[in-house]
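What follows is a single structure, written as structure tokens, with notes after it.
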Amino acid sequence: MTRIAVDYTAAVRQRAGIGRYTRELIRAVTRLDTQTEYVLLSGSGGMLREQREALRAEPWPANVAWRHLPLTDQQMAILWQRMHLPLPVEWITGPVDLYHSPDFALAPVRRAKTVLTVHDLSFMRHPGCFSPALLAYLLRTVPESVRRANLVLADSESTRADLIELLRVPPERTAVVYPGVDGRFTPEKAPDEAQALARYGIEGPYVLGLGTLQPRKNLARLITAYGHLVREQRVPHDLVIGGSRGWLYEEIDEAIEELEFPERVRLIGFVADEDLPALYRGADAFAFPSLYEGFGIPVLEAMACGTPVVTSNTSSLPEAAGDAALLIDPKDVEALTHALWCLLSDESLRDILRAKGFEQAVRFSWEGAAKALFELYSRTIREGG
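Residue numbers (the numbering used here): 223 to 607.
In structure tokens form, the structure reads like this:
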């Protein structure tokens with residue numbers, strides 16, 4: 223039987239972003255491919271016994287096995303990426319035909335073929351958006367991991383082009399696996415919708431923004447544009463921003479303090495997965511003016527919920543949005559202000575974008591992503607790339 227090992231650490235440790243990507247994709251591929259034995263490797267240092275047992279209790283297929291290291295993800299990164307400990311992953315997983323890391327960094331292997339997912343090269347395109355320590359780690363680790371991988375996966379054609387241009391990866395060693403939109407994201411309201419909004423203190427009409435509080439998400443400009451919108455158009459909407467605090471987020475706090483009405487910008491922190499559909503559906507507009515994205519799943523989730531979207535015309539976001547969103551230069555505050563006003567004031571535009579958004583979102587599914595990944599796994603095992 224073919225054996226494939228997957229570094230599942232991000233899925234265990236990260237609630238959003240790459241963690242959610244890894245959970246959805248690996249669950250889908252293990253449901254699709256029941257003839258392969260999958261070994262999920264994760265660092266369990268610092269986890270409670272109940273957390274480890276909850277992971278095992280999830281409804282995984284019979285062909286899935288677990289290997290837990292008594293290390294945190296930071297400790298694993300130090301040992302493998304910084305100290306270059308020559309400990310092949312097969313010593314933990316047993317012999318495998320292929321090893322897949324969905325989170326930028328590749329552990330050493332003995333004989334296994336390797337697949338690496340690089341979600342974006344924002345640290346090269348926008349280095350000023352990163353703390354010095356994180357930037358140094360990524361600049362050292364990602365290029366080295368890319369050189370060793372048999373196949374490098376990207377979330378979009380935009381990121382694949384970046385890999386070829388910035389890291390000189392031969393095109394034949396790259397492929398795109400588009401993320402999907404979970405079936406939970408629909409326009410159908412749930413019975414407990416009001417309670418979900420109440421948990422975050424949301425009342426009245428609002429514009430929604432999502433993203434870790436860090437410079438690349440461009441939230442300070444969104445806040446400034448919202449300030450112009452309220453001052454010039456007197457809209458009744460609050461601005462609700464969901465996301466954990468990341469790094470270099472001081473400019474976000476400063477942008478709020480500069481408003482005449484700082485209390486109308488609500489930083490609600492991390493939003494649980496089960497509450498996301500309610501927040502999308504309750505918003506009159508979704509704003510995602512990121513400077514750079516490897517793909518931009520929130521754009522499609524909002525569309526699937528029937529919420530009109532304004533997003534950036536840069537990186538992969540036009541791929542995700544198609545013609546179903548208003549696209550703006552993310553550095554142009556005036557353009558963002560105008561786009562928000564159009565979404566909130568023009569009902570016919572909202573209806574057009576809502577219809578187009580449903581069509582765009584349905585093109586992306588985790589089942590489709592799993593089929594693409596399975597084919598690439600098979601090809602890499604067979605040919606080495």
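A virtual CB, placed ideally from N, CA and C, is assigned to each residue, including glycine.
From a predicted model like this one, the values you see are computed outputs, not experimental measurements.
Where residue 534 is concerned, the enclosing beta strand (DSSP E) starts and stops at 531 to 534. Of 326, 559 and 263, the smallest CA-CA separation from residue 534 is found for 559.
Linking residue 553 to residue 362 through their CA atoms gives a straight-line distance of about 29 angstroms.
Setting aside the 5 residues that flank it on each side, residue 256 is surrounded in the same chain by 283 and 285, each with a C-beta closer than 7 angstroms to its C-beta; the list follows chain order.
Straight-line spacing of the CA atoms in residue 466 and residue 423 works out to 16 angstroms. CA-to-CA, the gap between residue 261 and residue 322 works out to about 10 angstroms. When the Cα atoms are used, residue 393 and residue 593 turn out to be separated by approximately 21 angstroms.
In the DSSP annotation of this structure, the continuous segment of the alpha helix (DSSP H) that includes residue 475 starts and ends at 472 to 479. The three-state secondary structure of residue 326, taken from DSSP, is coil.
Per DSSP, the beta-bridge partners of residue 396 are 374. The residue from 387, 350 and 500 with its alpha-carbon nearest to that of residue 408 is 500. In this structure, residue 312 lies away from residue 287, with their beta-carbon atoms at least 8 angstroms apart. In this chain, the alpha helix (DSSP H) harbouring residue 543 covers 539 to 543. Per DSSP, residue 469 lies in no alpha helix (DSSP H) and is assigned neither H nor E. In the three-state DSSP reduction, residue 282 falls in the coil class, being neither helix nor strand. Exposed is the label assigned to residue 584, since fewer than 16 other Cβ atoms lie within 10 Å of its Cβ. When the beta-carbon positions are compared, residue 406 and residue 396 stay at least 8 angstroms from each other. The shortest C-alpha to C-alpha distance from residue 599 to any of 468, 318 and 569 is the one to 318. Residue state for residue 229 is assigned as strand, using DSSP reduced to three classes.
Listed in chain order, the non-local C-beta contacts of residue 370 below 6 angstroms within the same chain comprise 328, local neighbours out to five positions each way being set aside. Between residue 352 and residue 340 a beta carbon distance of about 15 angstroms is seen, past the 8 angstroms cut, so the two are scored as non-contacting.
Per DSSP, the unbroken alpha helix (DSSP H) holding residue 314 starts and ends at 312 to 315. The DSSP-derived three-state label of residue 350 is helix.
Between residue 461 and residue 448, the C-beta gap is smaller than 8 angstroms, which places the two residues in contact.
In the structure shown, residue 555 adopts helical secondary structure according to DSSP, grouped into three states. Residue state for residue 407 is assigned as coil, using DSSP reduced to three classes.
Around the beta-carbon of residue 332, fewer than 16 other beta-carbon atoms lie within 10 Å, marking it exposed.
Taking the Cα of residue 238 as reference, the smallest distance to any Cα among 520, 378, 546 and 252 is reached at 520.
For residue 380, there is no enclosing beta strand (DSSP E); the enclosing alpha helix (DSSP H) covers residues 379 to 388. For residue 489, the enclosing beta strand (DSSP E) has its first and last residue at 487 to 491.
With fewer than 16 other beta carbons inside 10 angstroms of its own, residue 456 counts as exposed. In the DSSP assignment, residue 600 falls within the alpha helix (DSSP H) that extends over 588 to 605. Contact annotation: the region 499 to 513 does not touch the region 472 to 480, with fewer than three C-beta pairs closer than 8 angstroms. Counting along the chain, the unbroken alpha helix (DSSP H) around residue 578 starts and ends at 569 to 583. In this structure, residue 251 keeps its C-beta atom at 8 angstroms or more from the C-beta atom of residue 602. The three-state reading of DSSP puts residue 504 in helix, counting H, G and I together.
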